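*Asks:*
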Amino acid sequence: MSDLLRTDAAELSGLLATKQLSSRELTAACLDQIDRVDPTVRAFLHVDGDRALAAADAVDERRSTGAELGPLAGIPLAMKDIFTMTGAPTTCGSRILEGWVPPYNSTITDKVLDAGIVVLGKTNMDEFAMGSSTENSGFFTTHNPWDTTRIPGGSGGGSAAALASFEAPLALGTDTGGSIRQPASVTGTVGVKPTYGATSRYGVVAMASSLDTPGPCARTVLDAALLHQVIAGWDPRDSTSINAAVPDVVGAAKAAEVKGMRIAVVRELGGEGYQPGVEQRFNEALEVLAGLGAEIVEVSCPSFEYALSAYYLIMPSEVSSNLARFDAMRYGLRIGDDGMNSTEEVMNLTRGAGFGAEAKRRIIIGTYALSSGYYDAYYGSAQKVRTLITRDFDAAFATADVLVSPTTPTTAFKIGERVDDPLAMYKADLCTIPSNLAGNCAMSVPVGLSPADGLPVGLQIMAPALADDRLYRVGAALERALKDRWGGRLLDQLADSPAGAYLGGGER
Ligand code: GLN
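Numbered per my numbering, the sequence shown finishes at 554, counting up by one with no gaps.
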């Protein structure tokens, strides 16, 4: 693998700006890497090399005229297939949207294109972002680059795998209950769920509208910050968008300073059910943070115990409503439209064939939870729990700057291991869901390999709403200290290992 593929976006940005590198060369290298490894990793649902190269040429052309370009101009990106983009299919991982080409761009797609970022293609995901492994994709499962018999996390497993297999230096995800952070954790990459409403949902296929949060995925904290800066900001086309200044996330990532910060470990996010190797790496990272001058304390958030249960009522309730629009009339697939079936029969046939088992399960649970006799008992109670979780966060942030936990209780599990056990699958998001319910922000940053299985472990940092800069400050400080300790980045250990030989790591 060429050194180019291992280079961070921040560094590539400098090489492009000084014309030591063209966007065409960089984009072509990423496309070659996709050709080489994607038959194994299967991160992408759709790659459009010609379009990417044309976009790269356009940036090179603008640069040659001396035009003022943003820091990420000319850098390739892998886009989760939940963002609409004209001229390319958007499936959201579902057969029901197969063949649908959106007539418009999501706001984030526009921002990415306006910044001169080169979109390589659309990445695989669990159907409608429902899952923690990409096994619920209607098309195929993505493989974890660290061990291709294991899951890359989900729902944004495609984006995380594209980063970890050096196919792209940047990627986009969405996080409803953990779909950016959990894939980042199990692939040794960085993933951020910004404050709810800080990144526009306009043109992003809706899963659960009160929770969905688009965010950046990258190999370093600074790269995530650079992408965060591009995609965040108020959008009048999204009614839940926050009209507030984007915190200086890039400045915070560059500062990388935790001296004097109070970092609180959440007592409820650890203990039974957490792999010892995960807890070991987590505790070592706390020592590193303490060594950097942070004060480590403990807080209790007693309502977090009910977060998973509340999420699995609120989320399917919103899913049951959002997925009603896939009615065989407006988008994609249509089955049984032969003049013999009524409209309703065509809808039933199409939804029956087009949705996978998990989507159907959630539509049924959500419809039940919202039905008149049960609304107060289920949906109403879950909303009350949501308020209690927000209060736990408020109390904790009154005494600490950020909260921390493992990102997910275990390292990447085997493909197939949890497919028949939805409850085991749901537990992957035990630690990530509270931040979605409260609407605040959180990041996953790699803290090493579990000694038990040699697989990546992630640490989650949680900060109050609109204090996203704190995530970057802490994440970057930790990343820098660990890089010194390891003598390089975690992903270099993959690229240089025999297990990573298929990535082309040997031929530098
Ligand atoms: N894994 C969680 C779920 O299945 C979260 C998904 C997400 O964040 N999109 O709902």
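Positions of the beta carbon are idealized from the N, C-alpha and C atoms, including for glycine. Remember, predicted model here, so these are calculated numbers, not experimental data.
Decide if Leu536 is buried, meaning its Cβ has at least 16 other Cβ atoms within 10 Å, or exposed.
*Replies:* Sixteen is the threshold: when 16 or more other Cβ atoms of the shown chains lie within 10 Å of the Cβ of Leu536, as they do, the residue is buried.
*Asks:* Please work out which residues of its chain come closer than 6 Å, Cβ to Cβ, to Asp515, disregarding the five sequence neighbours upstream and downstream, and give them in chain order.
*Replies:* Pro293, Asp294, Val295 and Ala298
*Asks:* Around the Cβ of Val93, are there at least 16 other Cβ atoms within 10 angstroms (buried) or fewer (exposed)?
*Replies:* buried
*Asks:* Alpha carbon to alpha carbon, what distance is there between Ser388 and Thr233?
*Replies:* 47 Å
*Asks:* Counting pairs of Cβ atoms below 8 Å between the region 355-369 and the region 256-272, do you hit three or more?
*Replies:* yes
*Asks:* Which residues does DSSP list as the beta-bridge partners of Pro240?
*Replies:* Paired residue(s): none; Pro240 is not in a bridge.
*Asks:* Taking the alpha helix (DSSP H) that Gln506 belongs to, which residues open and close that run?
*Replies:* Element bounds for Gln506: not the alpha helix (DSSP H) but the beta strand (DSSP E), Pro502 to Ala509.
*Asks:* Please check the pair Ile128 and Thr220, which I expect to be a contact at CB under 8 Å, by giving their CB distance rounded to whole angstroms.
*Replies:* 5 Å
*Asks:* Mapping DSSP to helix, strand and coil, what is Gly546?
*Replies:* helix
*Asks:* Does the ligand GLN have even one heavy atom less than 7 Å from the beta-carbon of Ser48?
*Replies:* no
*Asks:* What span of residues does the alpha helix (DSSP H) with Glu303 cover, start to end?
*Replies:* Run containing Glu303: none; DSSP gives neither H nor E here.
*Asks:* Do the CB positions of Pro122 and Ala98 come within less than 8 Å of each other?
*Replies:* yes
*Asks:* For Asp103 versus Arg308, is the C-beta distance shorter than 8 Å?
*Replies:* no
*Asks:* Quick check on Trp555: buried or exposed, where buried means 16 or more other Cβ atoms within 10 Å of its Cβ?
*Replies:* Since the first residue shown for the chain is 47 and the last is 554, residue 555 is missing from the structure and cannot be characterised.
*Asks:* Any chance the region 424-433 sits against the region 384-399, with 3 or more Cβ pairs inside 8 Å?
*Replies:* no
*Asks:* Hey, would you say the C-beta of Thr235 is under 7 Å away from at least one heavy atom of the ligand GLN?
*Replies:* no
*Asks:* Just to confirm before moving on: does the CB-CB distance between Met131 and Thr155 stay below 8 Å?
*Replies:* Contact: yes.
*Asks:* Should Met47 go down as buried or exposed, given a rule of 16 or more other Cβ atoms within 10 Å for buried?
*Replies:* buried
*Asks:* Identify which residue in Cys263, Pro544, Asp475 and Met125 has its Cα closest to the Cα of Pro492.
*Replies:* Checking every option, the nearest Cα to that of Pro492 belongs to Cys263.
*Asks:* Within its chain, find whatever has a CB closer than 7 Å to the CB of Gly546; leave out the 5 residues flanking it on each side and keep chain order.
*Replies:* Leu540
*Asks:* Let me check one thing: in DSSP terms, what residues is Lys126 bridge-paired to?
*Replies:* Thr169
*Asks:* If I measure Cβ to Cβ from Glu213 and keep anything under 7 Å in the same chain, skipping five residues before and after, which residues do I get?
*Replies:* Cys76, Gln79, Ile80, Val83, Asp84, Ala89 and Ala124
*Asks:* DSSP beta-bridge partners for His92?
*Replies:* Lys168
*Asks:* Identify, in the order they occur along the chain, each residue of the same chain with its Cβ nearer than 8 Å to the Cβ of Ser68, setting aside the five sequence neighbours on each side.
*Replies:* Leu62, Ala102, Asp106 and Gly120
*Asks:* Quick check on Asp96: buried or exposed, where buried means 16 or more other Cβ atoms within 10 Å of its Cβ?
*Replies:* It is exposed - the Cβ of Asp96 has fewer than 16 other Cβ atoms within 10 Å.
*Asks:* Would you say Leu91 and Thr169 are within 8 Å of each other, going by their C-beta atoms?
*Replies:* For the 8 Å CB-CB criterion, Leu91 and Thr169 form a contact.
*Asks:* Can you name, in chain order, every residue of its own chain whose Cβ lies under 8 Å from the Cβ of Thr555, other than the five neighbours on each side?
*Replies:* In the structure displayed, the chain extends from 47 to 554; residue 555 sits before or after that span and is not available.
*Asks:* What is the DSSP secondary structure of Gly234, reduced to helix, strand or coil?
*Replies:* coil
*Asks:* Contact check, Ser225 vs Gly202 under 8 Å by CB: the rounded distance?
*Replies:* 5 Å
*Asks:* Using the Cβ count rule (16 or more neighbours within 10 Å means buried), how would you classify Gln506?
*Replies:* buried
*Asks:* Once the 5 residues before and after Pro468 are set aside, which same chain residues still bring their CB inside 8 Å of it?
*Replies:* If you ignore the 5 residues before and after Pro468, its C-beta comes within less than 8 Å of the C-beta of Glu404 and Arg407, all in its own chain and listed in chain order.
*Asks:* Ala442 to Pro455, Cα distance in whole Å?
*Replies:* Going from the Cα of Ala442 to the Cα of Pro455 covers about 21 Å.
*Asks:* Return yes when the Cβ of Val520 is within less than 8 Å of the Cβ of Val324, no when it is not.
*Replies:* No.
*Asks:* At which residues does the alpha helix (DSSP H) containing Ser225 begin and terminate?
*Replies:* Taken as a continuous stretch (DSSP letters only), Ser225 belongs to no alpha helix (DSSP H), as it is neither H nor E.
*Asks:* Taking Glu344 as part of the beta strand (DSSP E), name the residues at either end of that continuous run.
*Replies:* Glu341 to Val345
*Asks:* Give me the Cβ distance between Lys300 and Ser481, rounded to the nearest whole Å; I'm assuming they're in contact under 8 Å.
*Replies:* For Lys300 against Ser481, the beta-carbon gap comes to about 24 Å, at or over 8 Å, which does not count as contact.
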